[in-house]
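J.: Heads up: the sequence shown is residues 310 to 438, going by the working numbering. Ideal Cβ positions, reconstructed from N, Cα and C, are used throughout, including at glycine. Pasting in a structure now, in structure tokens, and then I'll have a few things to ask.
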Amino acid sequence: MKRRIYLSEDDGAAALVAAYGDSHRWQKDGVPADVVTWGRKTGMDWAQVGRLWPAGSSEDGHALFFGGVRQNGKIVERALHYFLPLVGSSPLDWEMILLTSRSPRVRSWRELEKQVQRLFPQVAKELKR
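Shown next as structure tokens:
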């Protein structure tokens with residue numbers, strides 16, 4: 310498997326949920342209670358949109374990252390493909406996942422707590438987990 314970067318065109322809420330689901334086994338029965346707690350442990354800062362945050366590793370041990378880009382996600386995705394060789398990595402080793410799910414009103418941990426019940430199943434469905 311490749312290392313993954315989840316991007317969402319919001320402040321990062323959808324990408325955070327996708328990274329959580331990938332780093333923990335996707336649960337088929339409801340929304341896990343620790344999504345927000347896990348998100349806080351990643352060090353994510355809602356004020357720093359456009360930054361990639363480390364999210365640990367997937368089930369198969371590959372690195373995961375996530376971030377919000379607010380707009381022009383395809384351009385950011387393309388830019389990352391050009392940037393990776395500059396830091397000594399091949400774009401072929403990475404999978405960029407630009408989510409269509411977004412939650413533009415989520416800009417804080419409190420707002421994520423309110424919206425995670427809606428957002429988690431939406432992202433899981435998009436990724437068909």
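Please work out which residues of its chain come closer than 6 Å, Cβ to Cβ, to residue 400, disregarding the five sequence neighbours upstream and downstream, and give them in chain order.
T.: Stepping through the sequence shown from its first residue, residue 400 is reached at position 91. The answer, listed in chain order, is 390 and 393.
J.: So which of 335, 421 and 327 has the shortest CA-CA distance to residue 376?
T.: By 1-based counting over the sequence shown, the position of residue 376 is 67. Nearest of 335, 421 and 327 to residue 376, Cα basis: 327.
J.: Whole angstroms is fine: what's the gap from residue 437's alpha carbon to residue 397's?
T.: Within the sequence shown, numbered from 1, the residue matching residue 437 stands at position 128. Within the sequence shown, numbered from 1, the residue matching residue 397 stands at position 88. When rounded, the distance between both Cα atoms is 32 Å.
J.: Could you pull out every residue in the same chain whose Cβ sits closer than 6 Å to the Cβ of residue 347, ignoring the five residues on either side in sequence?
T.: In the sequence shown, the residue the question calls residue 347 occupies position 38. Result list for residue 347: 329, in chain order.
J.: For residue 362 versus residue 370, is the C-beta spacing smaller than 8 Å?
T.: Taking the first residue of the sequence shown as 1, we reach residue 362 at position 53. Taking the first residue of the sequence shown as 1, we reach residue 370 at position 61. The answer is no: Cβ separation not under 8 Å.
J.: Look at residue 316 and residue 378 and say whether their C-beta atoms are less than 8 Å apart.
T.: Position 7 of the sequence shown, counted from the first residue, corresponds to residue 316. Position 69 of the sequence shown, counted from the first residue, corresponds to residue 378. Their beta carbons are under 8 Å apart, which means residue 316 touches residue 378 by this criterion.
J.: With 16 as the cutoff for other CB atoms within 10 Å, does residue 368 come out buried or exposed?
T.: Position 59 of the sequence shown, counting from 1, holds the residue named residue 368. Exposed: under 16 other Cβ atoms inside 10 Å.
J.: Can you tell me the Cβ-Cβ gap for residue 319 and residue 411, rounded? I've got them flagged as a contact below 8 Å.
T.: Residue 319 sits at position 10 when you count from the first residue of the sequence shown. Residue 411 sits at position 102 when you count from the first residue of the sequence shown. The pair is a contact, with the Cβ atoms about 4 Å apart (cut-off 8 Å).
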